[in-house]
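According to numbering that gives the first Met the number 0, the sequence shown holds residues 0 to 241 in order. All C-beta atoms, glycine included, are put in the ideal place defined by N, C-alpha and C. It should be emphasised that the depicted structure is a prediction, and the values quoted were computed from it without experimental measurement. All remarks here apply to the structure that follows.
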Amino acid sequence: MVRTISVILLLFFSVTSSVAQEELAKEDQSRPEITKIGDYRYRLAGMTFDSQTREVFIPVAVNMREGGPIEYILVHENGKVHESIFVTKESPYQLQVILKLLKYNTGKGDVFNRMYPPEVLEKEGGTEAERGDAVQFFFQEKGEVDTLPVTDLMLDAKTSAPMTPGSWIITGSKIQDGNFLAEAEGSILAVYLDEISLFNMTRDGADNDERWGAFSKNIPEIGTQGLLILSPASNSATKPTE
């Protein structure tokens, strides 16, 4: 009897150990691997970032160049591609990791207040002081040196001219049932307010889903590859060094 119990316990601990090892292996695989590629430059998946300038370089491809309405400048390739200028293979979750490493602050503050009915505003509304950091975005076509503010790629239907210069707030998406929703839905850089997207605007018209379109004159052909460059709102974009 003692021998039988010993065998059962041995099998139990063997199985438990095996399961634990498998879980640890899964956890290790899910951890982002960051590689140093320069004095201040690092790589995570296909993205690079600079710890000194706090810039992030995201590989993208042109997905739309005509028509509208447009609700996003950038989504994951499995996201709402029918409403976005650019698509990327890069993970929104890993982009969020980079933002944390670069010490960017995240917060929705009052960004979505205008979208809330009174009863929700009372509970969910915030203040301007609670907003995340402001950042700006530039597009750099592959093989080119010059960059273009992404606002120049957007058509304002109200003025029939490109979107005026401006920045985005790092609102940081939402977590639901343990899931990071920007990763689940692929929403990254929005021009129409979206609590799931990582970045949102505060400008007039951000709450109008028919306000924005593609300014085709400034957008290269569909499939054109390049970088979307994120930088602090006070900085200008610089060319990445490989």
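With burial defined as no fewer than 16 other Cβ atoms inside 10 Å of the residue's Cβ, what is the status of residue 139: buried or exposed?
buried
In chain order, what residues of the same chain lie with their CB nearer than 7 angstroms to the CB of residue 23, ignoring the 5 residues before and after it?
Unreliable positioning characterises residue 23 in this predicted model, as indicated by a pLDDT of 38, which lies under 50. The coordinate reading is nonetheless provided below. By the criterion of a C-beta distance shorter than 7 angstroms, residue 23 is surrounded by no residue of its chain, once the five residues flanking it on both sides are discounted.
Look up residue 168 in the DSSP assignment and say whether it is helix, strand or coil.
Three-state DSSP puts residue 168 in a strand.
Checking the sheet assignment: what are the DSSP bridge partners for residue 199?
Beta-bridge analysis with DSSP links residue 199 to 168.
6 angstroms Cβ shell around residue 233 - same chain, five flanking residues per side excluded
Here the set comprises nothing.
Continuous alpha helix (DSSP H) stretch holding residue 122: start and end
117-123
Considering only residues of the same chain and omitting the five flanking positions on each side of residue 104, which have a CB-CB separation below 8 angstroms?
131, 132, 169
Using 8 angstroms for Cβ pairs, my map puts residue 136 next to residue 229. What's the rounded Cβ distance?
6 angstroms
Report the rounded CA-to-CA distance for residue 117 versus residue 208, giving the unit in angstroms.
21 angstroms
Rounded to whole angstroms, what's the CA-CA distance from residue 108 to residue 204? Just pull it up for me.
18 angstroms
So who's on the other strand from residue 153, going by DSSP bridges?
213
Here's a check: name, in chain order, each residue in its chain whose Cβ is nearer than 8 angstroms to the Cβ of residue 97, leaving out the five neighbours to either side.
43, 46, 48, 55
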